[in-house]
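Asks: Structure below; questions to follow.
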Amino acid sequence: MDNPSNPDSASHELKDKTVPSVPSVAVIGAGVAGLTVAYKLALAGLKITLYEASPRIGGRILTDYEAFKYQKQYCEKGGEWIDSTHHDIRKLAHELKLDVQDITKKRIGDELFYFGGQFYGPRDFLNFNREKNVTEGEYVQLARYIGRDRRKARVNPAYAKQLDALTIDDYLLKAQDQTKAPSWVIESIRMSYKGEFGTETNEQSAMLLIQQIGTGLRRPFEVYGPKQDESQRIRGGNSKLIEALFAVLNQKKVKFFPAHTLVKIDYKGASGRHKVYVELRHNERRKTRNFDYVVLALPFTKLREVEGLEILKERGFLSPGKYQAIQEIGYGNILKIMLGMNGEPWRNNPRFPLPTNGSFRTDNPYLQNTWITSVGQTGTDSILTILVAGHEAKQPIDTIARECRKATVHLFQMSEDQLFNHRHSSHIWSEDEYVRGSYSAFRPGQYTTLRLWAGTPECEERLGFVGEHTDPELYGYMSGAVHSATKEAERILTRIRKTSSGSADSGPGAAPLPLPNVADALGSR
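Heads up: the sequence shown runs through residues 1 to 525, numbered per full-length UniProt numbering.
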């Protein structure tokens with residue numbers, strides 16, 4: 001297999017032996033969504049050409065094997081944890097003979113919250129007393145309040161739109177007034193969602209919170225809901241999934257062109273034999289190619305830079321809703337910084353009132369959320385991952401790293417020399433020229449509208465869209481990218497069968513597929 005870290009050597013030499021009569025498909029973007037849709041279609045025997053703007057593959061999956069190799073450890077600069085409910089990515093990993101590692105039993109202790117100079121544990125939020133059959137805790141009334149709104153929104157689209165128009169800050173202020181929830185509970189939730197989606201909570205739709213946060217009173221407090229347990233990962237690093245997908249594409253003789261940037265897109269209907277035209281730039285030279293189908297597997301932050309979208313909208317081949325989604329859907333600004341720690345200093349630390357697994361949430365913007373990345377790996381030292389989101393993530397990396405270390409020293413009440421071994425890794429996705437953001441973060445008003453347009457096919461269903469941002473339920477997750485890619489591959493294959501029977505292509509300006517019903521699309525994350 002060609003080395004995916006140096007794909008320039010990989011693909012120009014691959015020969016496509018597919019018969020000419022087979023429909024041609026271009027996939028633009030070689031992140032996990034693009035690789036997955038190419039993989040699925042290649043297995044079905046289609047003629048696939050894969051383009052990627054970056055000199056590497058993998059997109060926002062990027063395992064760092066260098067920074068902590070002295071302990072034979074690795075960290076994830078991008079997507080990291082897999083939930084037990086993320087069936088699509090787990091199924092794909094098993095299909096590719098990869099081991100999905102469950103680290104649940106290796107996490108010993110609780111996540112702790114540190115707000116207003118005090119520590120709180122999960123039972124301070126919710127504590128179900130089985131003997132009395134009653135739940136106590138500071139979150140009880142707020143949980144009931146949010147739960148009522150969630151249930152009402154699912155059966156009343158107009159109410160869902162009202163909630164969608166609010167920011168998380170607006171909603172929490174109103175909820176606190178109604179429930180008298182203490183400030184530390186409100187602030188812990190606010191900071192958690194700032195970190196979850198990467199933007200300030202006065203820029204996020206309240207529906208992101210309402211649809212996700214746990215409200216069950218007989219369960220432990222779940223700030224991101226019962227489905228997010230972050231219990232699994234691909235053994236050896238998530239980049240193993242990228243390598244495995246790429247290996248199959250090589251075996252299937254898929255043409256791959258790295259360092260090719262999409263600059264323009266066009267579509268010609270019946271007069272042009274229903275072809276999608278893409279113009280790509282490579283080494284300052286441009287070339288135009290046409291395909292029967294094109295799948296765009298790049299974030300909207302980059303797609304909005306592509307020429308031709310407005311013209312497609314004016315000609316009726318790109319729906320106004322999709323055009324608006326491309327131009328306006330919000331993206332988070334998240335920095336992950338991984339710091340090497342001497343031993344496991346969170347264990348048996350008298351500073352902490354409860355046994356902790358090394359996961360903390362605090363009101364310090366440079367220590368919003370932490371976890372132990374090295375759990376379940378080899379070595380005696382550990383890797384602390386710190387997530388910084390929002391305005392603070394826009395600071396210079398040296399400033400962020402200094403403030404993160406200072407905040408950790410304060411939290412642990414230990415010196416820098418005691419805590420850190422001076423090994424580190426980081427990546428700022430908002431400054432990555434091929435991404436310009438972490439992942440989708442819907443702004444007020446977008447959850448019940450643009451979220452539902454993001455994944456609809458366009459150009460008489462010849463132009464598809466995949467990626468975490470296109471999945472209406474699993475947005476922000478690696479499994480959302482895989483799920484969207486799997487669905488898109490199935491859609492294309494189904495349509496090809498219909499086309500061969502003469503029942504597809506309804507002509508220029510054909511109406512787009514109907515938008516999903518808002519109420520139907522409000523399933524729990």
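Glycine residues also receive a C-beta, built at the ideal position from the N, C-alpha and C atoms.
Small disclaimer: the values here were computed from a predicted structure and weren't measured.
#1: Buried or exposed: which applies to V435, given that a residue is buried once 16 or more other Cβ atoms fall within 10 Å of its Cβ?
#2: Locate the beta strand (DSSP E) running through V278, then write down its first and last residues.
#3: On the three-state DSSP scale, how would you describe T288?
#4: Helix, strand or coil, according to DSSP, for N357 in the structure here?
#5: Is there contact here, the stretch 339-351 with the stretch 192-202, by at least three beta-carbon pairs under 8 Å?
#6: What does the alpha-carbon distance come out to for the pair S484 and G445?
#7: Return the residue from the list E433, H391, T167 and Q101 that minimises the CA-CA distance to G59.
#8: Look at the Cβ atom of Y447, then the Cβ atom of G476, and state whether they are nearer than 8 Å.
#9: CA-CA distance, D88 and P350?
#10: Below 8 Å on the Cβ atoms is my contact criterion, and I expect P23 with D292 to pass it. Report the Cβ-Cβ distance as a whole number of Å.
#11: Helix, strand or coil, according to DSSP, for A441 in the structure here?
#12: Determine the direct distance from the alpha carbon of E431 to that of A244, and round the result to whole angstroms.
#13: Going by the DSSP bridge assignment, what does A100 pair with across the sheet?
#14: What residues match up with M478 in a beta bridge as DSSP calls it?
#15: Quick check on DSSP: helix, strand or coil for T179?
#16: From what residue to what residue does the alpha helix (DSSP H) around D88 run?
#17: Taking the beta strand (DSSP E) that S425 falls in, what are its first and last residues?
#18: Round the Cβ separation of D110 and T370 to the nearest angstrom and send it over; I've been treating them as touching at under 8 Å.
#19: Going by DSSP, what residue range makes up the alpha helix (DSSP H) through E403?
#20: DSSP beta-bridge partners for I383?
#21: Could you tell me how far apart the beta carbons of S426 and L335 are, in whole angstroms, since I believe they sit closer than 8 Å?
#22: Give me the Cβ distance between V278 and R285, rounded to the nearest whole Å; I'm assuming they're in contact under 8 Å.
#23: Are the beta-carbon atoms belonging to V276 and L463 less than 8 Å from one another?
#24: Considering Cα atoms alone, identify which of E328, I329, C459 and G121 is closest to G272.
#25: Beta strand (DSSP E) containing W453: first to last residue?
#26: Mind checking whether I383 and C404 have CB atoms under 8 Å apart?
#27: Here's the rule I'm using: 16 or more other beta-carbon atoms within 10 Å means buried, otherwise exposed. How should G237 be labelled?
#28: To which residues of the same chain is Y145 closer than 7 Å at the C-beta, ignoring the five residues directly before and after it?
#29: Can you tell me whether DSSP reads F256 as helix, strand or coil?
#30: Please name the residue in P353, N127, R361 and Y366 whose C-alpha comes closest to that of Q395.
#31: If you follow the beta strand (DSSP E) that N156 is part of, which residue opens it and which one closes it?
#32: Can you tell which of A401, I428 and W429 has the C-alpha that lies nearest to the C-alpha of E416?
#33: Kindly indicate the opening and closing residues of the alpha helix (DSSP H) around K302.
#34: Pick from R56, H391, R451 and G376: whose alpha carbon is nearest that of A105?
#35: Report the partner residues of D170 according to the DSSP bridge assignment.
#36: Look up L112 in the DSSP assignment and say whether it is helix, strand or coil.
Replies: To lay it out plainly:
#1: Buried, since its Cβ has 16 or more Cβ neighbours within 10 Å.
#2: From DSSP, the beta strand (DSSP E) with V278 extends over K275 to H282.
#3: Strand.
#4: DSSP places N357 in strand when its eight states are reduced to three.
#5: These segments do not touch.
#6: Note on geometry: alpha-carbon atoms of S484 and G445 lie some 23 Å from one another.
#7: Proximity to G59 across E433, H391, T167 and Q101 peaks at E433, based on C-alpha coordinates.
#8: With a cutoff of 8 Å on beta-carbon distance, Y447 and G476 are scored as not near each other.
#9: Rounded to the nearest angstrom, the two C-alpha atoms are 42 Å apart.
#10: That pair is a contact at about 4 Å.
#11: In the structure shown, A441 sits in coil (DSSP, three-state: anything other than H, G, I, E or B).
#12: Computed Cα separation, rounded: 28 Å.
#13: For the sequence presented, residue 100 should be read as Val rather than Ala. Paired residue(s): I234.
#14: Per DSSP, none; premise fails for M478.
#15: Of the three classes helix, strand and coil, the one that applies to T179 here is helix, per DSSP.
#16: D88 -> alpha helix (DSSP H) spans H87 to E95.
#17: Taken as a continuous stretch (DSSP letters only), the beta strand (DSSP E) holding S425 covers F420 to I428.
#18: That belief does not hold up - the Cβ atoms of D110 and T370 are roughly 13 Å apart, past 8 Å.
#19: E403 -> alpha helix (DSSP H) spans I397 to F412.
#20: For I383, which the question treats as bridged, DSSP gives the partners G340.
#21: So it is a contact: roughly 7 Å between Cβ atoms.
#22: Incorrect: roughly 15 Å between the Cβ atoms, too far for contact.
#23: Yes, the pair counts as a contact, with Cβ atoms nearer than the cut-off.
#24: Comparing Cα positions, the closest option is C459.
#25: Unbroken run through W453 is the alpha helix (DSSP H), L450 to W453; no beta strand (DSSP E).
#26: Their beta carbons are not under 8 Å apart, which means I383 does not touch C404 by this criterion.
#27: Buried, since its Cβ has 16 or more Cβ neighbours within 10 Å.
#28: When the five nearest sequence neighbours on each side are left out, the beta carbons in the same chain lying within less than 7 Å of the beta carbon of Y145 are those of A175, Q178 and T179, in order along the chain.
#29: Here F256 sits in strand by DSSP.
#30: Comparing Cα positions, the closest option is Y366.
#31: Counting along the chain, N156 falls outside any beta strand (DSSP E), and DSSP gives it neither H nor E.
#32: Nearest C-alpha to E416: A401.
#33: Unbroken alpha helix (DSSP H) run through K302: F300 to L303.
#34: Looking at the sequence shown, residue 105 is not Ala but Lys. For the residues R56, H391, R451 and G376, the minimum Cα distance to K105 belongs to G376.
#35: Partner(s): none; D170 has no beta bridge.
#36: In the structure shown, L112 sits in a strand (DSSP, three-state: E or B).
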